[in-house]
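J.: For the sequence shown, position 27 matches number 22 in this note's numbering, and the numbering has no gaps at all.
The C-beta atom is built at its ideal place from N, Cα and C for all residues, glycine as well.
Handing you a structure now.
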Amino acid sequence: MSRVAERVYWMGRYLERTENIARLISVHTSLLMDMPDEMEFNWFTSVTIFNGEALYEEQYDEVTENNVMRFLVTDKENPGSLMSSLVSARENVRTSLDVLPEETWEQVNQVYMLMKKSVATVESRRLRQALLRKVIMHCQCIRGVLDSHMSRDNTFHFVLLGKHVERADMTSRILESASLLLPETRSQSIRKYEGILWMALLQALSAHQMYLKHMRPPVKGQKVLDFLIRDSLFPRSLSYSLDAIGIYLSELPNPDKAITLQQQITENLHEADVMDTNFHPVMDELQEQLGALHTEIAGSWFYPDFSVPPMQSQSQSQSQV
């Protein structure tokens, strides 16, 4: 069971990561087309969200749109690129075919072949945006297949557990990029475009429509952060993902240690002041706690009789646990 559990858990994580990378790059591209050159947001901002600065600087001499897009979308040497995440998702599906709906492989293979054919198109904004929309659509189709065709057994619980651990981590990284918009740190150029930037943040998490439904306009920073962090009904908020992690952990055997850690993470987040100068450290701490939760999950179910291999977390998660 432990090997199957690990594979489907990582499948859930990599599928979620693939969609989120595509979504973030698409929104970031659209945003930069409307922003003046003096803005702190630039092409390299996307690299920093994924903690890819050191690797990027090893591989590229300058920051350009084409270099950043190659690095984030198609670069197989970057373990955090869209292509690398998709390849890892595909491999975990391939090795788990006996426990997954057969349509899962068909869908994953379709989007993989699409990416392989489209490598040369990433330098065209129009073609790249079209490709990213297709990747997002395929990821949503795969989730639909899993949700509609899988029995609600432990295999399903590990898939959803991986999805929500990854979603919480990715959401925290996207929110971390919002630290430039906070009152204590924002520049004059940021102030002029504050509403547009907060709206882009919502769009990166597919939250714009639900935000407007549940929160009164205009789009304001405090309300955006409250919604994306604490709204328990929106499926891409941190609160929702952490609650979902607790739900799927509770379905597994002997979950007490992991659930205790999940509850502590949730409590810490709800007690945090997310509008002061400590916002950036709050998100950093959350990412560290999610890494600790991942280690507990691995130790409890993937390697229950051994210590977690020291490089397992690094090799599978590409520093994004």
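Please report the Cβ distance between M64 and R123, rounded to the nearest whole angstrom; I am assuming they are in contact, meaning their Cβ atoms lie under 8 Å.
T.: What you label residue 64 is simply residue 69 of the sequence shown in a count that begins at 1. What you label residue 123 is simply residue 128 of the sequence shown in a count that begins at 1. Rounded, the Cβ-Cβ distance is 7 Å, consistent with contact.
J.: In this structure, how does DSSP classify G75 when only helix, strand and coil are distinguished?
T.: Taking the first residue of the sequence shown as position 1, residue 75 is located at position 80. DSSP places G75 in coil when its eight states are reduced to three.
J.: Looking only at its chain, what residues have a beta carbon closer than 7 Å to the beta carbon of S314, apart from the 5 residues adjacent to it on each side?
T.: For the purposes of this step, residue 314 is taken as the residue at position 319 of the sequence shown. Model confidence at S314 stands at a pLDDT of 42, short of 50, so the residue's coordinates are unreliable and nothing is read from them.
J.: Three-state secondary structure (DSSP) at N249?
T.: For this step, residue 249 is matched to residue 254 along the sequence shown. Reduced to three states, the DSSP call for N249 is coil.
J.: Distance, Cα to Cα, A202 vs L223?
T.: Here residue 202 is taken as the residue at index 207 of the sequence shown, counted from 1. Here residue 223 is taken as the residue at index 228 of the sequence shown, counted from 1. Near 8 Å, if we compare the C-alpha coordinates of L223 and A202.
J.: Over what stretch of residues does the alpha helix (DSSP H) that includes F153 continue unbroken?
T.: What you label residue 153 is simply residue 158 of the sequence shown in a count that begins at 1. Where F153 is concerned, the enclosing alpha helix (DSSP H) stretches over N149 to E171.
J.: Going by C-alpha distance, which of H265, P248 and I240 is nearest Q257?
T.: The residue you call residue 257 lines up with position 262 of the sequence shown. Checked all of H265, P248 and I240; the closest Cα to Q257 is I240.
J.: Within the same chain, show all residues whose beta-carbon is closer than 6 Å to that of L26, passing over the 5 residues directly before and after it, in chain order.
T.: Start at 1 with the first residue of the sequence shown, and residue 26 comes out as number 31. Hits under 6 Å: A195.
J.: Could you round the C-beta distance between V(-1) and V94 to whole angstroms and report it? I think they count as a contact, below 8 Å.
T.: Taking the sequence shown and counting its residues from 1, the one referred to as residue -1 is at position 4. Taking the sequence shown and counting its residues from 1, the one referred to as residue 94 is at position 99. Their Cβ separation, rounded to whole angstroms, is 6 Å, which keeps V(-1) and V94 in contact under 8 Å.
J.: If you draw a straight line from the C-alpha of S232 to the C-alpha of H275, how long is it?
T.: Within the sequence shown, the letter at position 237 stands for residue 232. Within the sequence shown, the letter at position 280 stands for residue 275. Cα to Cα, the separation comes out at about 17 Å.
J.: Tell me the DSSP secondary structure of E118 in three-state form.
T.: Stepping through the sequence shown from its first residue, residue 118 is reached at position 123. Residue state, collapsed to three classes: coil.
J.: Any chance you could list the alpha helix (DSSP H) runs of at least 4 consecutive residues sitting entirely within the stretch 40 to 93, in chain order?
T.: Those alpha helix (DSSP H) runs which fall completely within the stretch 40 to 93 and span 4+ residues are 48 to 54, 60 to 64 and 77 to 89.
J.: With distances taken Cα to Cα, identify the nearest neighbour of T116 among N61, Y107, P74 and E72.
T.: To locate residue 116, count along the sequence shown from 1; it is residue 121. Minimum Cα distance to T116 is reached at N61.
J.: Could you check whether M132 and P96 sit closer than 9 Å to each other, using their CB atoms as the reference points?
T.: In the sequence shown, residue 96 corresponds to position 101, counting from 1. In the sequence shown, residue 132 corresponds to position 137, counting from 1. For P96 and M132, no; Cβs fall outside 9 Å.
J.: So, with DSSP's three-state summary, where would you put M145?
T.: Locating residue 145 in the sequence shown gives position 150, where the first residue counts as 1. Coil at M145, not helix or strand.
J.: With P276 as the anchor, note down where its alpha helix (DSSP H) starts and where it stops.
T.: Along the sequence shown, one-based indexing puts residue 276 at 281. Where P276 is concerned, the enclosing alpha helix (DSSP H) stretches over F274 to I292.
J.: Going straight from the alpha carbon of T261 to that of L237, what length do you get?
T.: In the sequence shown, the residue the question calls residue 261 occupies position 266. In the sequence shown, the residue the question calls residue 237 occupies position 242. Each residue's Cα considered, the two are about 6 Å apart.
J.: What separation, rounded to the nearest whole angstrom, lies between the Cα atoms of T99 and V130?
T.: One-based indexing of the sequence shown puts residue 99 at position 104. One-based indexing of the sequence shown puts residue 130 at position 135. Cα-Cα distance, rounded: 14 Å.
J.: So which of P250, D279, E14 and K252 has the shortest CA-CA distance to L264?
T.: Translated into positions along the sequence shown, residue 264 becomes position 269. Out of P250, D279, E14 and K252, D279 has the C-alpha closest to the C-alpha of L264.
J.: Out of F39, W296, R2 and K158, state which residue places its alpha-carbon closest to the alpha-carbon of P248.
T.: Sequence index remark: in the sequence shown, residue 248 carries index 253 (1-based). It is W296 whose Cα lies nearest to the Cα of P248.
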